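Under the UniProt record's numbering, think of the first position of the sequence shown as 1, with each following residue one higher.
Report on the structure given below.
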Amino acid sequence: MAKGVIEDGILSLKGIPYAAPPVSDLRFRPPSLPNHWQGILEAANYRTICPQIEDPLENYPKAAIAHEVVVGGVNTRLFEDEDCLYLNVWKPAKQVRNLPIMIYLPGGGFIVGGASDIYNGAALARKDVVVVTINYRIGFLGFAELGALDSSYSGSGNNGLRDQIAALDWVRRNASALGGDSDNVTVFGESAGSISIAALLVSPSLKKTFQRAILQSGAYNLIRTRRSAEAAAKKIMDVGSLKTMAHIKAAPVRDLLLQAQATGEPDGVFAPISDGSLVALDPAEAFASGTSRHVEIMIGANANEMNYWAMYDSKFRNPYVEDTDLGAKIDVFSMLPSIRDTSEEEREKAKGKLRRTYEKVLGITDQRTIEAALVDDVVMTQPATHLAERQSASGGKVWLYRFTWHVPPKYLDPALPALGAFHAIELPFMFGTADFSQIPGGPALSKAPGPEILRLTNQMLTAWTNFAKKGDPNGDGVPKWPSYDTNTHILMVWSADSKAVADPDRSRREIWENWHFNPY
1 MAKGVIEDGI LSLKGIPYAA PPVSDLRFRP PSLPNHWQGI LEAANYRTIC PQIEDPLENY
61 PKAAIAHEVV VGGVNTRLFE DEDCLYLNVW KPAKQVRNLP IMIYLPGGGF IVGGASDIYN
121 GAALARKDVV VVTINYRIGF LGFAELGALD SSYSGSGNNG LRDQIAALDW VRRNASALGG
181 DSDNVTVFGE SAGSISIAAL LVSPSLKKTF QRAILQSGAY NLIRTRRSAE AAAKKIMDVG
241 SLKTMAHIKA APVRDLLLQA QATGEPDGVF APISDGSLVA LDPAEAFASG TSRHVEIMIG
301 ANANEMNYWA MYDSKFRNPY VEDTDLGAKI DVFSMLPSIR DTSEEEREKA KGKLRRTYEK
361 VLGITDQRTI EAALVDDVVM TQPATHLAER QSASGGKVWL YRFTWHVPPK YLDPALPALG
421 AFHAIELPFM FGTADFSQIP GGPALSKAPG PEILRLTNQM LTAWTNFAKK GDPNGDGVPK
481 WPSYDTNTHI LMVWSADSKA VADPDRSRRE IWENWHFNPY
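Structure, rendered in structure tokens:
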């Protein structure tokens with residue numbers, strides 16, 4: 001039994017344990033079944049989030065206790081509580097049965113984030129679904145592959161993914177008590193959550209765990225190979241005083257966090273691993289062969305994903321991000337094996353050819369703009385299209401979208417450039433929160449959302465819940481949205497004037513149609 005809070009017809013139950021605390025001997029181990037609580041569980045508030053270094057653009061629950069430290073000359077805070085495997089539920093307060101279930105996997109680059117109020121599920125639940133949000137282990141504790149240190153820990157690099165699976169299993173076991181249907185489950189997520197779903201979709205052991213999936217800004221290209229994951233773990237072990245399995249099992253959490261951060265490149269070090277066991281070695285081929293054709297999929301990306309990182313200005317310092325131009329300086333070519341795994345001469349030829357192609361397609365010569373477009377395409381946009389192409393060609397149903405709405409400049413910090421439709425900006429719309437408070441200058445927008453925002457919010461909220469209910473986003477209040485196929489290439493463009501468009505970026509899509517996006 002659990003005691004939650006009823007507000008405006010929605011019952012919320014927060015801080016429910018779905019696995020045993022991964023502490024002491026369970027550190028770096030797969031999740032275990034939760035302990036049964038005695039009596040009535042007080043479930044009015046979020047519990048803490050999993051260990052991480054604070055990110056100024058993340059939203060943290062009040063229960064998350066942080067400790068002040070200096071990292072790279074910057075004052076920041078650490079969250080160090082390993083007892084973090086909790087989930088939260090929103091459902092209609094009235095007696096309900098067999099409602100569709102939507103389970104959200106939050107993003108954060110596998111190094112920050114967790115379940116908090118920016119992912120409040122109340123508005124979605126008002127559409128007659130059960131909504132669940134979860135924490136899962138991130139960073140060194142969730143995605144460090146430690147098998148080279150001790151063979152009994154082989155596979156530890158996918159423990160964060162196993163946490164997600166444990167949460168899915170808990171929800172299915174308890175679906176009836178929540179008023180949900182265990183055979184009508186949609187898993188949805190953004191960024192790291194979306195990448196995780198791409199991995200889950202090609203997991204041989206998860207055939208009937210969920211029926212539908214929504215991937216927002218993340219696909220299988222951002223999964224890591226076992227080789228690169230082992231190299232990343234070795235780099236972390238080499239950079240500090242923690243050298244052995246005994247050291248890292250006994251070390252305080254902050255020492256693990258700070259040693260991982262000391263490599264200077266924690267973003268991108270951690271991700272699910274294509275190990276051939278839990279996750280297919282070749283996810284692209286798995287999709288092409290129909291591994292996931294039984295799952296209905298919605299997938300998309302935002303028009304200006306990498307502009308998110310420009311928000312780390314002088315007021316929003318982050319020890320991870322020292323350069324606000326980072327988004328345009330990512331070496332995207334290292335993420336393309338067909339370029340990376342060649343001679344230096346061949347790499348330079350390929351890079352030059354791609355840049356010249358983009359100059360022609362975009363009609364510009366400004367190299368920063370070209371690099372930004374390349375990053376958006378290689379990291380987010382084209383991999384989403386590739387996944388949709390393979391899902392459709394294999395006989396599966398898939399809907400593709402592009403989010404293009406952008407915050408009006410009058411609401412933004414005047415010191416910032418126009419950000420466009422940056423990474424994660426769609427979240428306040430599809431969650432129905434209209435909460436832009438994490439954006440510099442956004443609080444004013446949150447207080448007075450105009451009709452344009454409210455209309456787009458209702459369209460996306462309805463499309464997401466329609467998809468969860470019946471495997472098709474269409475219905476009253478949603479612009480007609482045909483499923484994607486390899487002939488028409490129709491996708492939904494979410495904007496102030498949302499509509500389905502046939503192949504809107506054909507010239508850029510065709511550049512990449514014969515490339516193989518795969519784990520790096």
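Quick reminder that beta carbons are idealized off the backbone N, C-alpha and C, glycines included.
These numbers come from a predicted model, not from an experiment.
Best match in the options for proximity to residue i [C-alpha to C-alpha]
| i | options | result |
| --- | --- | --- |
| SER289 | ALA125, LEU201 and ASP128 | LEU201 |
| ARG137 | VAL131, ASP83 and THR186 | ASP83 |
| GLY107 | SER241, TYR153 and THR133 | THR133 |
| TRP405 | PRO428, ALA198, ARG29 and ILE65 | PRO428 |
| TYR484 | GLY300, PRO252, SER334 and LEU257 | GLY300 |
| ALA177 | GLU345, MET1, SER152 and SER392 | MET1 |
| SER196 | ARG162, THR209, GLN211 and LYS207 | ARG162 |
| ILE490 | MET298, ALA421, GLU7 and SER24 | MET298 |
| PRO283 | PRO22, ALA20 and PHE517 | PHE517 |
| ASP25 | SER152, TYR46 and SER338 | SER152 |
| PRO252 | VAL332, LYS207, PRO272 and PHE140 | PHE140 |
| LYS351 | SER334, ILE273 and ALA303 | SER334 |
| ASN487 | LYS207, GLY4, SER392 and ILE40 | SER392 |
| ILE111 | ASN304, GLN164 and LEU257 | LEU257 |
| LEU85 | LEU105, VAL71 and ILE364 | LEU105 |
| ILE16 | PHE270, TRP37, ASP503 and ALA246 | TRP37 |
For residue i: DSSP bridge partner residues
| i | result |
| --- | --- |
| TRP464 | According to DSSP, which records beta bridges pairwise, TRP464 is partnered with nothing at all. |
| PHE188 | TYR104 and ILE214 |
| THR133 | ASN88 and TYR104 |
| TRP399 | MET298 |
| GLN52 | PHE79 |
| LEU99 | GLY180 |
| ALA2 | LEU41 |
| PHE12 | Note that residue 12 corresponds to Ser in the displayed sequence, not to Phe. Paired residue(s): VAL5 and TRP90. |
| SER274 | THR225 |
Status (buried if at least 16 other CB within 10 Å, exposed otherwise) for residue i
| i | result |
| --- | --- |
| ASN466 | buried |
| LEU387 | buried |
| GLN459 | buried |
| GLU322 | With a pLDDT of only 40 at GLU322, under the threshold of 50, the placement of this residue in the model should not be trusted; the figure read from the coordinates follows. Label assigned to GLU322: exposed. |
| ALA260 | buried |
| GLY73 | exposed |
| LYS315 | Residue placement at LYS315 is flagged as unreliable, the pLDDT there being 45, under the threshold of 50; a coordinate-derived value is accordingly withheld. |
| TRP170 | buried |
| VAL23 | exposed |
| ILE65 | exposed |
| ARG27 | buried |
| ASN221 | buried |
| ARG508 | buried |
| ARG368 | exposed |
| LYS94 | exposed |
| ALA199 | buried |
| SER205 | exposed |
Own chain, CB closer than 6 Å to residue i, minus 5 neighbours either side, in chain order
| i | result |
| --- | --- |
| LYS360 | none |
| ASP275 | ARG226 |
| PRO383 | ALA219, ASN221 and PHE517 |
| VAL501 | VAL493 |
| ASP81 | THR48 |
| ARG172 | SER182 |
| GLU389 | THR486 |
For residue j and residue i, believed in contact at Cβ under 8 Å, the rounded distance
| i | j | result |
| --- | --- | --- |
| ILE214 | TRP464 | 7 Å |
| GLY180 | PRO92 | Actually they are not in contact, since the Cβ atoms of GLY180 and PRO92 sit about 11 Å apart, beyond 8 Å. |
| LEU168 | VAL129 | Going by Cβ atoms, the distance from LEU168 to VAL129 rounds to 16 Å, so no, they are not a contact pair. |
| LEU87 | ALA43 | Going by Cβ atoms, the distance from LEU87 to ALA43 rounds to 10 Å, so no, they are not a contact pair. |
| ILE103 | VAL187 | 5 Å |
| residue 535 | PRO519 | What the structure shows of the chain is the stretch from 1 to 520, and residue 535 is not part of that stretch, so it cannot be assessed. |
| GLU58 | GLY4 | That belief does not hold up - the Cβ atoms of GLU58 and GLY4 are roughly 24 Å apart, past 8 Å. |
Close-in-space but distant-in-sequence residues of the same chain around residue i (CB under 7 Å, 5 per side omitted)
| i | result |
| --- | --- |
| ALA434 | PRO428, SER446, PRO449, ILE453 and THR457 |
| ALA123 | PHE431, GLY432, THR433 and LEU461 |
| ALA175 | ILE101, ASP181 and SER182 |
| TYR358 | ILE370, ALA373 and LEU374 |
| GLY477 | ASN458, GLN459 and THR462 |
| ASN302 | SER217, PHE403, ALA421, PHE422, HIS423, ILE425 and GLU426 |
| ALA262 | VAL239 and GLY240 |
Own chain residues within Cβ distance below 8 Å of residue i, not counting five before or after
| i | result |
| --- | --- |
| GLY395 | GLY290 and ARG293 |
| ALA148 | GLU230, ALA233 and LYS234 |
Near the ligand ZN: residue i beta-carbon under 7 Å from a heavy atom
| i | result |
| --- | --- |
| SER176 | Inclusion of the ligand ZN in the displayed structure is not the case, the ligand content being empty and no account of it being possible. |
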